[in-house]
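Undergrad: First residue of the sequence shown: 1, per full-length UniProt numbering; consecutive thereafter. Here it is, the structure, as structure tokens.
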Amino acid sequence: MGYNEKERAFIEWYPRGYGVGFKVKQRIFETQTEYQRLEIYETEGFGKLLVLDGTVQLVEVGEESYHEALVHPVMLAHPNPRRVLVIGGGDGGTLREVLRHKTVEKATMVEIDEGVVEASYLYLDVASELLDRLIKKEEPRGELIIGDGVRYLKETDERFDVIIVDSTDPVGPAKLLFSEEFYRSAYEKLNERGLYITQAGSVYLFTNELLDAYRAMKKVFDRVYYFSFPVIGYASPWSFLVGVKGDIDFRKVDVERGRELELYYYDPERHETLFQMPKYVRDLLERA
Ligand code: SAM
């Protein structure tokens, strides 16, 4: 499990013995936070690797393949996203991408584990300047709250145009982020027109979890879309679920705004390519 010193490799094991691994030069940090075991490795070819409870969160080289897919499709499908909530995302990569949108007036990130923010700030070249400003409360359009996203969303009086759930997998502190009750409070806290997105796990290896989340979201949102994207470091393709409130068509994005972002992985001009799914998974989703 995890780090194999002899092989100098870190492997994340998925169900049925499927592994995703990196050759590593060394482990550079390791701690048990209040919530999870956190490790950082220097890999041979992908920069530093962040691991939480044995699961790969990101590698510095290629993290945009996840953050671009999570953030920009919803931000470009919303006509005017001004207020954004990020739940989880302690490495800062998601908030970094959100703040690239000029329409955003305020973006709030609610991360349960201060240890992830601190370690990302200290060791990772992902969003350390942004995290520094957030910690010092010097980011004019961004705010960091250390707390449970489930509780925050239930209790807040704020309303959002876009809610992005950038969480760990549906076990431990992230479990409730995939519940119908949580989707209901997200729906309630969206403005009249709003979008909700969550990562939903590996298409092939967490198909049941994807189907469960899809079913639960369909009970709550006006429409639910699914898409997949190849993400470096995960058992790809990775799935994403989008819940819509009001009259937004997630199949269309503002290509002009998208072009200005000069993205590397997600291509707003080929937005329709997001929706490809292996046939049997599509069939399962359509029947769900
Ligand atoms: N990109 C990653 C992935 O999909 O593997 C997720 C990265 S991000 C570091 C995930 C974060 O979600 C973790 O830092 C974790 O502490 C946070 N998290 C988990 N449950 C949470 C909750 N209930 N409220 C807020 N943050 C939560």
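Beta carbons are placed, not taken as given, at the ideal position from N, Cα and C, and that holds for glycine. Please read these numbers as outputs of a predicted model, since none were measured by experiment.
(1) What's the C-alpha gap between residue 300 and phenylalanine 178?
(2) Helix, strand or coil, according to DSSP, for aspartate 166 in the structure here?
(3) Glycine 2 bridges to which residues according to DSSP?
(4) Candidates Met277, Pro81, Glu143 and Arg100: which alpha carbon is nearest leucine 241's?
(5) Which residue from Leu95, Thr156 and Lys154 puts its Cα closest to that of arginine 133?
(6) Would you check if there are 3 or more beta carbon pairs closer than 8 Å linking the region 84-102 to the region 125-141?
(7) Run through the DSSP bridge pairs and tell me what serine 239 is partnered with.
(8) Pull up the CB-CB distance for glycine 172 and glutamine 36, whole angstroms please, since I reckon it's below 8 Å.
(9) In three-state DSSP terms, what is isoleucine 99?
(10) Measuring straight from C-alpha to C-alpha, what distance separates leucine 153 and asparagine 191?
(11) Please determine, among Asp157, Glu34, Tyr204 and Ile197, the residue with the shortest C-alpha to C-alpha distance to valine 117.
(12) Apart from the five residues just before and just after residue 289, which ones in its own chain have a Cβ nearer than 6 Å to its Cβ?
(13) Taking the alpha-carbon of glutamate 269 as reference, which of Glu286, Thr168, Asp254 and Gly233 has the nearest alpha-carbon?
(14) So is glycine 45 buried or exposed if we call it buried at 16+ other beta carbons inside 10 Å?
(15) Once you ignore the five residues that flank valine 61 on each side, which residues in its own chain have a CB closer than 6 Å to its CB?
(16) To the nearest angstrom, report how far apart proline 73 and aspartate 267 are at their CA atoms.
(17) What residues in its chain sit with their C-beta under 8 Å from that of alanine 216, if we drop five residues either side in the sequence?
(18) Under 8 Å from any heavy atom of the ligand SAM, does the C-beta of alanine 174 make it?
(19) In terms of DSSP beta bridges, what is lysine 252 paired with?
(20) Could you check what DSSP says for tyrosine 152 in three-state terms: helix, strand or coil?
(21) Under 8 Å Cβ to Cβ from leucine 205, same chain only, skipping five residues before and after it: list those, please.
TA: Reading off the structure:
(1) Shown here, the chain extends from 1 to 288; a query on residue 300 therefore has no answer.
(2) strand
(3) Ile11
(4) Met277
(5) Leu95
(6) yes
(7) Ser228
(8) 7 Å
(9) Checking the sequence shown, residue 99 turns out to be leucine, not isoleucine. Of the three classes helix, strand and coil, the one that applies to leucine 99 here is coil, per DSSP.
(10) 13 Å
(11) Glu34
(12) Here the chain comprises residues numbered 1 to 288, so residue 289 is not present and cannot be evaluated.
(13) Asp254
(14) exposed
(15) Phe46 and Gly47
(16) 9 Å
(17) Phe178, Ser179, Glu180 and Tyr183
(18) yes
(19) None, per the DSSP bridge assignment.
(20) helix
(21) Tyr14, Pro15, Arg16, Tyr18 and Ala235
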